[in-house]
Amino acid sequence: MIIDTVKFDDKGLVPAIVQDYKDGEVVMFAWMNRESLKLTLETGVMTYWTRSRQKLWVKGESSGNTQEVKEAYIDCDADCLVFKVEQKGMGAACHTGHRSCFYRKIGFPGGELETVGEKLFDPKDVYK
């Protein structure tokens, strides 16, 4: 079973990079523990471990913006995962309402931030 191959860190976590299945855009990064990975593999719906709330988190449980797994990969060291997903609901992966959590571009040189990502909903309308 793949879970036995994964090298979880000393806190029992493994990083998960999430990409849009159709265009490859990185839409988010999150942490997974053994249980969240098991649930993701069993259900085909992305489930994470939230460090701030110290609990399992099914992506979209509040917003309806779930992620259906289409493909999954493990890196050569078995300590990082990549999931290609179909974003359901309004199509936003980020709690800010943006399609991707990586919606701000860092300018070089200088480091200025520029908003480049598409905003698909207003969080005030979704998270009451």
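In terms of the numbering used here, the sequence shown opens at residue 420 and continues consecutively. We put the CB at the ideal spot given by N, CA and C, even for glycine. All values reported here derive from a predicted model rather than from experimental measurement.
- Contact set for T469: own chain, Cβ-Cβ below 6 angstroms, skip 5 residues either direction: For T469, the CB contacts under 6 angstroms within the same chain, skipping 5 residues up- and downstream, are W476 in chain order.
- beta strand (DSSP E) segment containing L475, residue limits: First-last of the beta strand (DSSP E) with L475: K474 to V477.
- Message: Mapping the DSSP letters down to three states, classify V464 as helix, strand or coil.
- Response: Residue state, collapsed to three classes: strand.
- Starting from K426, trace the alpha helix (DSSP H) both ways and give me its first and last residue. If you look at K426, you'll find it isn't in any alpha helix (DSSP H); DSSP assigns it neither H nor E.
- Item | Same chain, Cβ closer than 6 angstroms to V464, five either side skipped, listed in chain order | If we look at V464 and ignore the five residues flanking it on each side, its Cβ neighbours are T485.
- Message: Which residue marks the beginning of the alpha helix (DSSP H) containing V488, and which one marks its end?
- Response: Run containing V488: none in the alpha helix (DSSP H); it sits in the beta strand (DSSP E), Q486 to I493.
- Query: Nearest CA to the CA of T424: which residue from C499, Y522 and E461?
  - Reply: Of the residues C499, Y522 and E461, the one whose Cα lies closest to the Cα of T424 is C499.
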